[in-house]
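Residue numbers (our numbering): 11 to 197. Down below is the structure, laid out as structure tokens.
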């Protein structure tokens, strides 16, 4: 049994023997990186082309996207990947990376570890899973909740590293989930 080391959140998540965690680091080109991963894990070419088109649209619609968490199945293993762009601004890099690490933490079943840290360091008793609606197989219903929980991870990390999360919001980040996360923290 291994552990996933989430560097920015400073958490180690126990993993079962069928899970593998990959922090792919900063990437230059999301489409190229995702296409490489999709091929590595055996996705069909039609799906790979569709995903590349989705990423092009996402890039156009949401210039603020900073990274991604993906889970792939290969044989009996689950591979959890995160990657992110270098924004050139340390607090924003921390925000983005913590956001993706929190998605991975959720995917690995370790949200309780973050809840415990938030309680120990900030006195907030949160049930992060309660914000995510997992009834829908496609998880469409729960997307806003998942993003807000990932943003709670970002707020936690920014505070941990001595940055004011409100400054990130003022720096152009206008995301509903991030604003809700700030309110939960009392900011």
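All residues carry an ideal CB built from backbone N, CA and C; glycine is no exception. Remember, predicted model here, so these are calculated numbers, not experimental data.
query	result
Could you give the residue range of the alpha helix (DSSP H) that holds residue 192?	186-194
Roughly how many angstroms lie between the CA atoms of residue 168 and residue 81, to the nearest whole one?	25 Å
Can you name the start and end residues of the beta strand (DSSP E) that residue 16 belongs to?	13-16
Which residue or residues does DSSP assign as beta-bridge partners of residue 84?	87
By DSSP, does residue 3 sit in helix, in strand, or in coil?	There is simply no residue 3 to check, as the chain begins at 11 and stops at 197 in what is shown.
Under a three-way DSSP split, which group does residue 23 fall into?	strand
From this set, 11, 137, 16, which residue's C-alpha is nearest residue 110's C-alpha?	16
Please classify residue 77: does DSSP put it in a helix, a strand, or coil?	strand
By the 10 Å Cβ neighbour count, where 16 or more other Cβ atoms means buried, how is residue 196 classified, buried or exposed?	exposed
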